Every structure is written in structure tokens, then in C-alpha cells.
Amino acid sequence: MASFNAETRAEQFDAIVNFAKGSRVDTGFGYLDAEGNVDTSRPVELWITCRMTHVFSLAALKGDKKAAKLATHGVHSLSTYFHDKEFGGWFSAIGHDSEDVEIVDGTKAAYAHAFVVLAASSATIAQIEGADELLNMALLAQDEIWWEDEHAKVRESFNRELTETEDYRGVNANMHTVESYLAAFDATADRKWLDRALAILEWVLNEQAAGNNWRIPEHYTPDWEPIADYNIDKPKDPFRPYGYTPGHGLEWARLALHAGAELELAGETAPEWIREGAKELVQRAIEDGWNVDGKPGFVYTVDGDGKPVANERMHWVLCEAIGAVETLLAKLRRDEREDEKGLIKQLRRLPQEYWDYAERYLIDVKGNWIHELDQFNLPSTNTWPGKPDAYHVAQMLLLPDLPLAPTFALALKQAEK
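In this note's numbering, the protein residues as written are 945 to 1361.
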């Protein structure tokens, strides 16, 4: 097994970016199958095109010229083919033909729109042509379509005409909105985006997680009341599974620590709930998710008692585990509190342990990650067929070598100077 060091991470980052380069299609970036070829039976999806544009922008900041061209292609696709010039916002999915663009799914989703902001923010920092105009449009859409002042969170979805909104709210869309707002703050220096991210984070950590044994309810009514049995008949849904998701607890913890570090970078004191909430979330997610059903790996979802519901192992959860532990370790080591030396000792062995698992079960070859395994760590396609996502792997590989703030793109830009 390779040591999870800077050299390994750099080699693996280049490999995942090179694998992702095969996703280019005329209208954006397509869904890659298990062999790394575009699955032409599937439409070109907004969230995938945005994530790939973000990853290629990060690679461009590291000097990859082909990645820079692909990021430019992504920005162009988002600004033209995906953008709904009639009603506003971005289509969820389109066809592959740029000469006659088919609207496959005209609905508007907060989850995917968050990634428009993330892609545009990273591309703007990477000085990709057209990115600043795309970012301005994406942030305007956040104000005009998604943000609900009375709840200080975003709605879930709309029809194409933006006249009907879904009778549902979810924290998954809000989690990625937090991520995108932190990136937008770095790209624009507009404090509004950091403040909005903090408002969402405080509600999730202080009110939802703290009052629920550090498990975060995923599904809500429009008034933000939890729906405990939502999708109980769809426990393996890719975006809205029943129960609690340890991987999201890890992701929320990491994002909270990034937000706190942004405050400190601005010369302010981060509130204690960020630090303490992140500690609790990471420990709860590990206790609920890691090696809990007789086999190694993180389970996908658990019930209110922490018992596994969906035993599949998703590659993104493993990536977020490494990222969250590395981020928490960086924070704890910097604070140097005597009473946390034991926790630091427990945590510091985990990134290598998780990486060993990834090498054994998830990585076919460098850059080629199996997205889903079953309970016995054999390849599965119940939730995620193919290999369409480079984003979680790429960010995990960069994170240990970057500061807690600013976010990925600006941190890379500053590091490369």
C-alpha cells in the first residue's frame, strides 16, 4: 500500500484529472461509464458539467494547459447550452448535440445551481474566459430564485418557468450551497456569501445535529420541519436516501471548519460551535459508518439509532472521511489544547487507514475509482453505475496540502505564486 503523502496525492490528482478529460462532449461533460467512456444513452447533466468545470479549473491553476481548455469549454457550455435564456436559471439536463440543443430536463434544481456557482467561482479565480460573467449570472440567480430570507436557506427546485416550487426542502442542496457560497466569497470578496453560508451552517449544526445526537436530518417540509420517513421505500436513492448519511455529516464538518477559517483569515474569531460541532459530527459519522456491519468500509445510510440501512460503500463517502479528518486534525493541531491530545492521536492514523481501504477496494488503477461497492466490497451499481464524478476524489487529494482557508481555487492560486 502506498503512503498517503504529498507525492502520492499529486500523482493521483493528475491521474483523476486525466481520467476525467474523457468526459468532454459538445455541450458540456458527459456521464462516464465503468470503462471511462461517455455513456451516450444518458443526457448531459448540469451537476456533472459543473463539477468537471470546477475540477478542470483547479487543475488549470496547477498548470495543466489542457485542463484550462476544458474549463473554458465548461464555462462556455454553462453560459450558452445550459442557460435558460427565456425563463432564467439552468436546465438540469440537455442533449449531446450543440447544433440543436435538446432540453431533456428543463426543471431547475438548487443542488445543481450550487455547482454552477462553484464552477464559475473556481473558473473566475483561474481566469478562465467568460467565467466572471457566468459567476455574476449564477449569483444573481441565487438572489432571485433560490434564497429564502425568512428561512435563511435555499429552496429545493422549480419547474422550468419558475412558477411552481417543490413541496420539499433538503439539506443536501443547502450543504452544496454552503460550499458554493464560500467559494463565491473568495472569488468576489462580497461578505454576503460568507454570512449566508454561516447562517445555514449554524442552523444545521446548532439546531439540527446538536439536538439529534449529531445525526443530521436530511429531509424537510417547506417550513423546515423534519420528515423522518421520507423515501423510506427508497433507501438507496442517490440524492435523497431515507435515514441519515454519515458521509454528509463528514462533509458538513469540513465545510464548517472552512467557514470558521475564513472568519479567522478576515481577522475575526470563529464561534466555538463551529469547532465543537465539527468534532462531534466527525466522531458520530465514524462511529455510525466505519466498519459497522462486519466488513470494512463506510455504509451509505443509517437509521435514527445508527444501525445501517443501506450497506453499500460509496467512494465519495470515503473521500469525505479523509477530507474531514484531515481538516479537523489541522484545526486541532493548530489550537494545541492539552485535553485534545488523545483525540488527535486517534484521528491521525485514520487518513492512511482510509487510503489503504481505497487502494484495496476502490481504485482500479490511478485515477479510475469504482463509485460503489456492496456490503462485501464487491463492485455494485444499485445507486451509482459508471464513474461519472471526479470532484470528490480531486478535492480530497488537494485538501491536506492546502490551508483551511481560502477555499480550493484561491488557495491553489496563492500557492502557485
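All residues carry an ideal CB built from backbone N, CA and C; glycine is no exception. Predicted model, so just to flag it, every value in this text is computed and none were measured.
1. Where do the ends of the alpha helix (DSSP H) carrying residue 1268 lie?
2. Starting from residue 1171, follow the beta strand (DSSP E) in both directions and report where the run begins and ends.
3. Taking DSSP as the reference, what is the three-state secondary structure of residue 1338?
4. Should residue 1337 go down as buried or exposed, given a rule of 16 or more other Cβ atoms within 10 Å for buried?
5. Whole angstroms is fine: what's the gap from residue 1052's alpha carbon to residue 1104's?
6. For residue 1315, I'd like the list of residues in its chain whose CB is within less than 6 Å of its CB, leaving aside the five on either flank, ordered along the chain.
7. Which residues does DSSP pair with residue 1252 in a beta bridge?
8. Using the rule of at least 16 other Cβ atoms within 10 Å of the residue's Cβ for burial, across every protein chain shown, is residue 1277 buried or exposed?
9. What residue does the beta strand (DSSP E) around residue 1048 start on, and which one ends it?
10. Just to confirm, are residue 1075 and residue 1061 a CB contact at a threshold of 7 Å?
11. Unbroken alpha helix (DSSP H) runs of length 4 or more, entirely within the stretch 1102 to 1185: which are they?
12. Within a Cβ cutoff of 7 Å, which residues of the same chain sit near residue 1307, ignoring the five residues on either side of it in sequence?
13. Consider the C-beta atom of residue 1099 and the heavy atoms of the ligand NAP; say whether any pair is separated by less than 6 Å.
14. Drop a sphere of 10 angstroms on the beta-carbon of residue 985, count the other beta-carbons inside from all chains shown, and report buried for 16 or more, exposed for fewer.
15. Whole beta strand (DSSP E) runs in the stretch 984 to 1069 with 3 or more residues, listed along the chain?
16. Residue 1070: which of 1164, 1080, 1008 and 1090 sits nearest, CA to CA?
17. Identify the residues that DSSP records as bridge partners of residue 982: which are they?
18. Whose C-alpha, out of 1164, 1201, 1200 and 1024, is nearest the C-alpha of residue 1187?
19. Contact between the stretch 1023 to 1031 and the stretch 1293 to 1307: three or more CB pairs below 8 Å?
20. For a test of the three-state rule: what should DSSP assign to residue 1322, helix, strand or coil?
21. Straight-line CA distance for residue 909 to residue 1309?
22. If you draw a straight line from the C-alpha of residue 1080 to the C-alpha of residue 1000, how long is it?
23. According to DSSP, is residue 1313 part of a helix, a strand, or is it coil?
24. Applying the 10 Å Cβ sphere with the 16-neighbour rule, what's the burial state of residue 1370?
25. Rank 991, 1139 and 1120 by C-alpha distance to the C-alpha of residue 1333 and give the top, closest one.
26. Assuming the contact rule is C-beta atoms closer than 8 Å, residue 998 and residue 1063 should be a hit. Round their C-beta distance to whole Å, please.
27. Is the beta carbon of residue 1078 closer than 7 Å to that of residue 1023?
28. At a cut of 8 Å, does the stretch 1262 to 1275 reach the stretch 1188 to 1196 through at least three beta carbon pairs?
29. Can you give the beta carbon distance from residue 1160 to residue 1115, rounded, assuming they're within the 8 Å contact cut?
30. What does the alpha-carbon distance come out to for the pair residue 980 and residue 1012?
31. If you count every other CB in all the chains shown that lies within 10 Å of the CB of residue 1088, and 16 or more means buried, which is it?
32. Just how far apart, CA to CA, sit residue 1251 and residue 1290?
33. Identify every residue that forms a DSSP beta bridge with residue 1097.
34. What's the C-alpha gap between residue 1100 and residue 1124?
35. Can you tell me the Cβ-Cβ gap for residue 988 and residue 966, rounded? I've got them flagged as a contact below 8 Å.
36. Within the same chain, show all residues whose beta-carbon is closer than 7 Å to that of residue 1118, passing over the 5 residues directly before and after it, in chain order.
Quick look at the numbers:
1. 1259 to 1279
2. Unbroken run through residue 1171: none, as it is neither H nor E.
3. helix
4. buried
5. 6 Å
6. 1259, 1328 and 1331
7. 1246
8. exposed
9. 1047 to 1049
10. no
11. 1115 to 1132 and 1135 to 1146
12. 1313
13. Summarising the ligand content, the structure contains no ligands, and the ligand NAP is consequently not present.
14. exposed
15. 1047 to 1049
16. 1008
17. 976
18. 1164
19. no
20. coil
21. Because the chain here runs from 945 to 1361, residue 909 falls outside it and cannot be looked at.
22. 20 Å
23. strand
24. Only positions 945 to 1361 of the chain appear in this structure, which leaves residue 1370 out of reach.
25. 991
26. 5 Å
27. yes
28. yes
29. 6 Å
30. 20 Å
31. exposed
32. 23 Å
33. 1092
34. 15 Å
35. At roughly 14 Å, the Cβ-Cβ gap does not stay under 8 Å, so residue 988 and residue 966 are not in contact.
36. 1097, 1098 and 1144
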